[in-house]
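What follows is a set of notes on a single structure, which appears directly below.
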Amino acid sequence: MELSSRQEQIIEIVKEHGPITGENIADQLELTRATLRPDLAILTMAGFLDARPRVGYFFTGKTGSELLTEKLKKFKVHEYQSIPIVVEEDVSVYDAICTMFLEDVGTLFVVDNKSMLLGVLSRKDLLRASIGNQDLNSIPVHIIMTRMPNITVCRKDDLLLDAAQKLIDKQIDGLPIVKDVDDGLEVIGRITKTNMTKALVGLGRDEHL
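First residue of the sequence shown: 4, per my numbering; consecutive thereafter.
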């Protein structure tokens, strides 16, 4: 988070004199309390300062990078999830390839008629099936998909960092977000490397500070 020169001054004053009231900070800067209020709110929400009623403001001792890390550790999967792109198990490999390119995704989730997760199709799976003289219209995707239980999944309330670690560990493009139901795992979303990038860009632009 990039601070204004006045916000930098406020932090230095609080470091030196804290705990200190907003009125006293305003006096030192020769400003009105109303003028100072937005800066104090930003610095408090961002985590640079903390405030106690009838005591005043004090410096938390945290740097900008530490505050960014703390924010990132609180992000949940559901805050950044996308709509899942699914196909049913009897769809042909040819149709799955068309779906993947039309939707511009790297992973398809194979489900039954109740949206229960059965398998996953990656670009590599479809590429391997395309090699040779096979009739791709005659091969159903359930022949080539990765099946349960050999699928890495996540839940909507998982930490985004934990989902990112799964993508790295498994060297995959995306994860199905599932909900546990009586019939199995219902697919309710997806989280991808693109979603992770959006989270980092948003963090860098202070959208969560």
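Beta carbons are placed, not taken as given, at the ideal position from N, Cα and C, and that holds for glycine. Bear in mind that the values here come from a model prediction, so they are computed numbers and not experimental data.
Verify whether the separation of the beta carbon atoms of G25 and R9 is less than 7 Å.
Here residue 25 corresponds to residue number 22 of the sequence shown, with the count starting at 1. Here residue 9 corresponds to residue number 6 of the sequence shown, with the count starting at 1. No. Outside cutoff.
Smallest Cα separation from K182: which of S118, R131, L163?
Your numbering for residue 182 matches position 179 in the sequence shown. Among S118, R131, L163, the Cα nearest to that of K182 is on S118.
For L129, which of G109, T195, T47, L178 has the nearest alpha-carbon?
Your numbering for residue 129 matches position 126 in the sequence shown. Residue nearest to L129 within the set G109, T195, T47, L178 is G109 (criterion: CA-CA distance).
Would P87 and R158 be called neighbours here (beta carbons separated by less than 7 Å)?
For the purposes of this step, residue 87 is identified with residue 84 of the sequence shown, where counting begins at 1. For the purposes of this step, residue 158 is identified with residue 155 of the sequence shown, where counting begins at 1. Their beta carbons are not under 7 Å apart, which means P87 does not touch R158 by this criterion.
Where does H211 sit, in a helix, a strand or coil, going by DSSP?
On the sequence shown, residue 211 is found 208 positions in, with the first residue counted as 1. A caution first: H211 carries a pLDDT of 40, below 50, which makes its placement in the model unreliable, though a value can still be read off. In the structure shown, H211 sits in coil (DSSP, three-state: anything other than H, G, I, E or B).
Quick check on V58: buried or exposed, where buried means 16 or more other Cβ atoms within 10 Å of its Cβ?
Translated into the one-based positions of the sequence shown, residue 58 becomes position 55. Classification of V58: exposed, given that the 10 Å Cβ count is below 16.
First and last residue of the uninterrupted alpha helix (DSSP H) at L178:
Position 175 of the sequence shown, counted from the start, is the residue given in the question as residue 178. Annotation: L178 is outside any alpha helix (DSSP H); the continuous beta strand (DSSP E) that includes it extends over 177 to 184.
Between I23 and K65, what straight-line distance do the alpha-carbon atoms span, to the nearest angstrom?
One-based indexing of the sequence shown puts residue 23 at position 20. One-based indexing of the sequence shown puts residue 65 at position 62. Between the C-alpha atoms of I23 and K65 there is a straight-line separation of about 18 Å.
Opening and closing residue of the alpha helix (DSSP H) in which L164 lies
Start at 1 with the first residue of the sequence shown, and residue 164 comes out as number 161. Start and end: 163 to 173.
Is it the case that the Cβ atoms of F62 and L163 are separated by a distance below 7 Å?
As a position in the sequence shown, residue 62 is number 59, starting the count at 1. As a position in the sequence shown, residue 163 is number 160, starting the count at 1. Taking 7 Å as the Cβ cut-off, F62 and L163 do not qualify as a contacting pair.
Does the beta-carbon distance from V1 to V184 come in below 7 Å?
No answer is possible for residue 1: it lies beyond the span of the chain, which begins at 4 and ends at 212.
Short Cβ contact (7 Å threshold) for V190 with L111:
Against the sequence shown, residue 190 aligns to sequence position 187. Against the sequence shown, residue 111 aligns to sequence position 108. Result no, Cβ atoms of V190 and L111 do not sit closer than 7 Å.
Give every residue of the same chain whose Cβ lies closer than 8 Å to the Cβ of V17, excluding the five residues on either side of it in the sequence, and list them in chain order.
For this step, residue 17 is matched to residue 14 along the sequence shown. Excluding sequence neighbours, V17 sits near I23, I28, L52, Y60, F61, F62.
CB-CB under 7 Å to D42, same chain, minus the five flanking residues each way: which ones, in chain order?
The sequence position of residue 42 within the sequence shown is 39, counting from 1. Within the same chain, D42 has close Cβ partners R9, Q10, I13.
Distance check for D30 and S7, CA to CA, integer angstroms please.
Here residue 7 is taken as the residue at index 4 of the sequence shown, counted from 1. Here residue 30 is taken as the residue at index 27 of the sequence shown, counted from 1. Their backbone Cα atoms lie some 19 Å apart in a straight line.
Burial state of N116, where buried means 16 or more other Cβ atoms lie within 10 Å
As a working note, residue 116 is residue 113 in the sequence shown. It counts as exposed.
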